[in-house]
Every structure is written in C-alpha cells, then in structure tokens.
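A.B. asks: Counting in our numbering, the sequence shown runs from 213 upward without gaps. For every residue, glycine included, the Cβ atom is placed at its ideal position computed from N, Cα and C. Below you'll find the structure I mean.
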Amino acid sequence: MPWVGRPRPGTPWGIPSRRVALTRITTLPVMDAEWAGDGFVLPPAASGSDVAVGLAVGMRRLAVLGARESWPPERALELPRTAGLVALHPSLGCAAVLGPGRIEMVGRALDGSPVDTPARAWTRNTQALGFDITGEGLWTSGVQDGRASLRVLDARTLSDVAGTEAGLELGAPTLGEDDLDGLHEWMPHPSLPVMGVAVSLGQEGTWLTFVERGATGLVRGAAVASVEAPFYPAGFLPDGSGFVGVGGTWVRRWTYPEATLAAEFLLPEQGTLATGYSGLVTERAVLVAVEDLLEAGEWYLLQLDPASLRPVCAWELPLSTEAVTSVHLLPGGFILSPEDGQLWRLPDEVLSAR
C-alpha cells in the first residue's frame, strides 16, 4: 500500500515553517506572446544538467535563462511573426515553431551554424509541441476525429517518424465540442525517448499516457486516469524511476514504468488550503505551490521528500494571494506570476534543503 500522509490535527502543517526572501528578476510581457501560454517554454532536461527555461520577452523573442545566470540572459531566439506554438530544443540553441499552415526550425545547430531544416506544410489540429530528451523526436498532440492523438516528427527533417503517420490515440475521453480540446501538457523522461502526454478536461479530470519512440514506431505504455480530479504532471524523479502529479488537494508519486501509486500527501480538510497546481521535482525535494486562502492569505512552498512525499518544511513566500493569484514553479528555482509577468528566483537555502 502506498504511504498516505497529512498534517497532524491542530496545526495547518504539522511541520517546520520558515520565511524566505525572493529575489525579483524582471517583469515579462507575457500577454504579448500567445505562443508562450503563461509566458514560458520548458525544454526537456537530463538529470544533473544545468537547467534553463525559455521566457517570452516580446511577441517574437524567446530568452533562455539558466539557473545561475543573471538578467538579461545572453541566449535568445528570434521567432517568426506567425509563431503559434514553440518547442525549445534540449540543446537550448534552437526551437521548433508552428504557425498557420507550416512548421519550421529556427536558431542554431549543435555546431553553431544556422539550422537549415526545410519548413514543412502543416494542417493537423495541434494543441502542444515538444521535444523528448534526445532532441531527435519532435512530438505533437492534438485532436483527430474527436479523440486526443499523438504524432512524432524527425527533428532533423520534420518528416513523420516511421509508423506514426496515422497518429496514436491517447487515453482520454472523446473531445471536440466548441473549444473543449483539452489542455495538453508534456512530461519528458530524463534519459529515455519517452513522453508522458497529459490531457486535462477541466474538472472532468486528467488522463496521462506514456509513449515510447521505438525503432518501429510508437509504443504505448502505462496510463493514469484521474477522473474528476485534474492534476498537473510536475515531472519525473531525476533517475526516471517515478513521477509526481499535483492535484487541487493532493500530491501523488507513481512508479515508472508501471504507473503504480506509491505515495500520497493530502492537504488539510479545513478548506483553507489549496495547491496552485504547480510543482517542481528536484533531486532533493518535491516543491509544491500552496495557497492559504482564509487565514494569512499568503503563498507557501510545501517541501516534500521526493521518495515518500512526507512533509519536510513549509517555506513562507512574501507573496499575497490577493496580489498574486497564481504562480508557476519553473526549473532552476524560478517563480513566475503569469498575470503580470513578475519573475523571482528562490534562494539557495530552499533549493539545497533536504
């Protein structure tokens, strides 16, 4: 049976609570870049690598900021005016861009020369675009005949990977009325050509399907169906042995590749606390954004042990839930407020805490 825990009765947490200071970095014009969603693009990252995030700094500019770098970053990609979806390559030097009727690569290849991959005509319904950790597979997910569907392209040629031309149907209910195509999110494995593909349909739930890119095409793996309990796929553990999901009232860890529930942390039932559906998985901790809705009216980072999900510490953030209504925890220890684009960096004491 998986371990299931919650704070002890009589306290909101039952664990140590510490106040931390945030370093404000900048304010991003997130509303100017529709391709960036909430203002950022995440590349797949290998265990132990220097993590970085792609940040929208204009309608056509993607800045790449590393965990230890100062602002403004030295790396940036210029995007076509027609960009609709953008996927940042794990090399951080180039990106795939999907616009009306075409898909193309921009930036520089590994040898530093400009990428010369010919653009490809593209008319398929596409909700998400992303690379796996190898950088060789460019994954697309969308809706085909009312069902969530997945395809993979060869990143060097933008041609369909053999065996994927017809698309692979994902484990999600029928989609497609009006704009209800679902929220499609990626969870790339840190060392294998495996992608976790999550489709969330509002409060109906989240369906997460694992797919491996093999020699003869796509191989469907285990799946997680969380009916009437949507969650955010926060990421794999660095060794790839499990993955974490953050729901509205819980945090769960499953094993990989079995997708068996291994641990769960439940928030108190007093109705005063809720997660922001935002989590960050590191080697030492699982960090989860939690809001105190009725008492202090502040944001916390709930630190959980990555193996057991037992609570370790509640880091109090100097952010009011009235002024900052949602946050994203980003690799490298960044916190982004998507409403106004404010970007902060967590102190080392949080990122290095055990």
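With DSSP collapsed to three states, give me the class of Q415.
C.D. replies: The count along the sequence shown starts at 1 and reaches residue 415 at position 203. Of the three classes helix, strand and coil, the one that applies to Q415 here is helix, per DSSP.
A.B. asks: For the segment 236 to 248 against the segment 266 to 275, are there 3 or more C-beta pairs whose distance is under 8 Å?
C.D. replies: Yes, they touch.
A.B. asks: Can you confirm whether the segment 447 to 459 touches the segment 377 to 389 when touching is taken to mean that 3 or more C-beta pairs between the two stretches lie within less than 8 Å?
C.D. replies: Short answer: they don't touch.
A.B. asks: If the criterion is Cβ atoms closer than 9 Å, does the pair R231 and P530 meet it?
C.D. replies: By one-based count along the sequence shown, residue 231 stands at place 19. By one-based count along the sequence shown, residue 530 stands at place 318. Result yes, Cβ atoms of R231 and P530 sit closer than 9 Å.
A.B. asks: Assuming contact is defined by CB atoms lying nearer than 9 Å, are P312 and G296 in contact in what I supplied?
C.D. replies: Here residue 312 is taken as the residue at index 100 of the sequence shown, counted from 1. Here residue 296 is taken as the residue at index 84 of the sequence shown, counted from 1. A contact, by the Cβ cut-off of 9 Å.
A.B. asks: Please state if the CB of P550 and the CB of D250 are separated by a distance shorter than 9 Å.
C.D. replies: As a position in the sequence shown, residue 250 is number 38, starting the count at 1. As a position in the sequence shown, residue 550 is number 338, starting the count at 1. Contact flag set, yes.
A.B. asks: Is the separation between the beta-carbon of D436 and that of G460 shorter than 9 Å?
C.D. replies: Looking up residue 436 in the sequence shown gives position 224. Looking up residue 460 in the sequence shown gives position 248. The sequence as given places Val at residue 436; Asp does not occur at that position. Contact: no.
A.B. asks: Ordered along the chain, which non-local residues of its own chain (more than five positions away) have a Cβ less than 7 Å from that of G376?
C.D. replies: Here residue 376 corresponds to residue number 164 of the sequence shown, with the count starting at 1. Correcting the residue identity first, residue 376 is Thr in this sequence and not Gly. Excluding positions up to five away in sequence, the list reads R363, V364, G429, L430.
A.B. asks: Quick one, which of C306, D366, D357 has its alpha-carbon nearest R332's?
C.D. replies: Residue 332 sits at position 120 when you count from the first residue of the sequence shown. When only C-alpha atoms are compared, the closest one is D366.
A.B. asks: What residues in its chain sit with their C-beta under 8 Å from that of L322, if we drop five residues either side in the sequence?
C.D. replies: Here residue 322 refers to the residue found at position 110 of the sequence shown. So the list reads S303, G305, once near-sequence residues are dropped.
A.B. asks: What is the DSSP secondary structure of A374, reduced to helix, strand or coil?
C.D. replies: To locate residue 374, count along the sequence shown from 1; it is residue 162. It is coil, neither helix nor strand.
A.B. asks: Report the three-state DSSP secondary structure of D560 (helix, strand or coil).
C.D. replies: As a working mapping, residue 560 is identified with position 348 in the sequence shown. Helix.
A.B. asks: Taking the beta carbon of E470 as the centre, do at least 16 other beta carbons fall within 10 Å, making it buried, or is it exposed?
C.D. replies: For the purposes of this step, residue 470 is taken as residue 258 along the sequence shown, with counting starting at 1. When all chains shown are included, E470 counts as exposed.
A.B. asks: Hey, which unbroken runs of the beta strand (DSSP E) at 3 residues or more fall wholly within the segment 258 to 309?
C.D. replies: Within the segment 258 to 309, the complete beta strand (DSSP E) runs of at least 3 residues are 264 to 268, 273 to 278, 287 to 290, 297 to 300.
A.B. asks: Kindly indicate which residue of V536, G553, F546, E476 has the alpha-carbon position closest to the one of A279.
C.D. replies: Working through the sequence shown from its first residue, we reach residue 279 at position 67. Of the candidates V536, G553, F546, E476, the one whose C-alpha sits nearest the C-alpha of A279 is F546.
A.B. asks: Tell me the DSSP secondary structure of A497 in three-state form.
C.D. replies: As a first step, residue 497 is located in the sequence shown; it is residue number 285 there, counting from the start. Reduced to three states, the DSSP call for A497 is coil.
A.B. asks: What's the C-alpha gap between G354 and G394?
C.D. replies: Position 142 of the sequence shown, counted from the first residue, corresponds to residue 354. Position 182 of the sequence shown, counted from the first residue, corresponds to residue 394. The alpha-carbon atoms of G354 and G394 are separated by roughly 9 Å.
A.B. asks: Would you kindly check if the distance between the Cβ of S532 and the Cβ of G553 is under 9 Å?
C.D. replies: Counting from one through the sequence shown, the residue named residue 553 turns up at place 341. Counting from one through the sequence shown, the residue named residue 532 turns up at place 320. No, Cβ-Cβ distance for G553 and S532 is not below 9 Å.
A.B. asks: Identify which residue in G491, R425, P256 has its Cα closest to the Cα of L541.
C.D. replies: The residue given as residue 541 occupies position 329 in the sequence shown. With distances taken between Cα atoms, L541 lies closest to G491.
A.B. asks: Report yes if the CB atom of V524 is closer than 9 Å to the CB atom of A565, and no otherwise.
C.D. replies: The sequence position of residue 524 within the sequence shown is 312, counting from 1. The sequence position of residue 565 within the sequence shown is 353, counting from 1. In this structure, A565 lies closer than 9 Å to V524 by Cβ.
A.B. asks: Identify the residues that DSSP records as bridge partners of G349: which are they?
C.D. replies: Position 137 of the sequence shown, counting from 1, holds the residue named residue 349. Beta-bridge pairing links G349 to D366.
A.B. asks: Which residues does DSSP list as the beta-bridge partners of L548?
C.D. replies: Residue 548 sits at position 336 when you count from the first residue of the sequence shown. Answer is H540, L555, bridged to L548.
A.B. asks: Taking just the CA atoms, how far does L254 sit from I345?
C.D. replies: Along the sequence shown, one-based indexing puts residue 345 at 133. Along the sequence shown, one-based indexing puts residue 254 at 42. Distance between the alpha carbons of I345 and L254 is about 12 Å.
A.B. asks: At which residues does the beta strand (DSSP E) containing T568 begin and terminate?
C.D. replies: Past the boundaries of the shown model lies residue 568; the chain is included only from 213 to 566, so the question cannot be answered.
A.B. asks: Would the beta-carbon of P256 fall within 9 Å of that of G347?
C.D. replies: In the sequence shown, the residue the question calls residue 256 occupies position 44. In the sequence shown, the residue the question calls residue 347 occupies position 135. Yes; because the gap between Cβ atoms is below 9 Å, this pair is in contact.
A.B. asks: Under 9 Å between the Cβ atoms of A299 and A307?
C.D. replies: The sequence position of residue 299 within the sequence shown is 87, counting from 1. The sequence position of residue 307 within the sequence shown is 95, counting from 1. Going by C-beta atoms, A299 is nearer than 9 Å to A307.
A.B. asks: May I ask you to list the residues that DSSP assigns as paired with A435?
C.D. replies: Here residue 435 refers to the residue found at position 223 when the sequence shown is read from its first residue. Paired residues: T421.
A.B. asks: For A475, which of L516, S520, P559, G408 has the nearest alpha-carbon?
C.D. replies: Residue mapping note: residue 475 aligns to position 263 of the sequence shown, counting from 1. Nearest C-alpha to A475: S520.
A.B. asks: V576 by DSSP, collapsed to three states: which one?
C.D. replies: The structure shown has nothing for residue 576, since the chain only spans 213 to 566.
A.B. asks: By the DSSP assignment, the beta strand (DSSP E) with T484 in it spans what residues?
C.D. replies: Walking along the sequence shown from the start, residue 484 turns up at place 272. Here T484 belongs to no beta strand (DSSP E), and DSSP marks it neither H nor E.
A.B. asks: At which residues does the beta strand (DSSP E) containing V327 begin and terminate?
C.D. replies: In the sequence shown, the residue the question calls residue 327 occupies position 115. Here V327 belongs to no beta strand (DSSP E), and DSSP marks it neither H nor E.
A.B. asks: Just confirm the distance between the C-beta atoms of R320 and L291, as a whole number of angstroms; I'd bet it's less than 8 Å.
C.D. replies: Taking the first residue of the sequence shown as 1, we reach residue 320 at position 108. Taking the first residue of the sequence shown as 1, we reach residue 291 at position 79. Contact flag wrong, Cβ pair sits at about 14 Å.
A.B. asks: If you draw a straight line from the C-alpha of R557 to the C-alpha of L505, how long is it?
C.D. replies: The sequence position of residue 557 within the sequence shown is 345, counting from 1. The sequence position of residue 505 within the sequence shown is 293, counting from 1. Using only the alpha carbons, I get a separation of about 23 Å.
A.B. asks: Taking the CB atoms as reference points, tell me whether S453 and T472 lie closer together than 9 Å.
C.D. replies: Within the sequence shown, residue 453 is the residue found at index 241, counting from 1. Within the sequence shown, residue 472 is the residue found at index 260, counting from 1. Taking 9 Å as the Cβ cut-off, S453 and T472 do not qualify as a contacting pair.
A.B. asks: From Q415 to S282, what does the alpha carbon distance come to, in whole angstroms?
C.D. replies: Taking the first residue of the sequence shown as position 1, residue 415 is located at position 203. Taking the first residue of the sequence shown as position 1, residue 282 is located at position 70. Going from the Cα of Q415 to the Cα of S282 covers about 39 Å.
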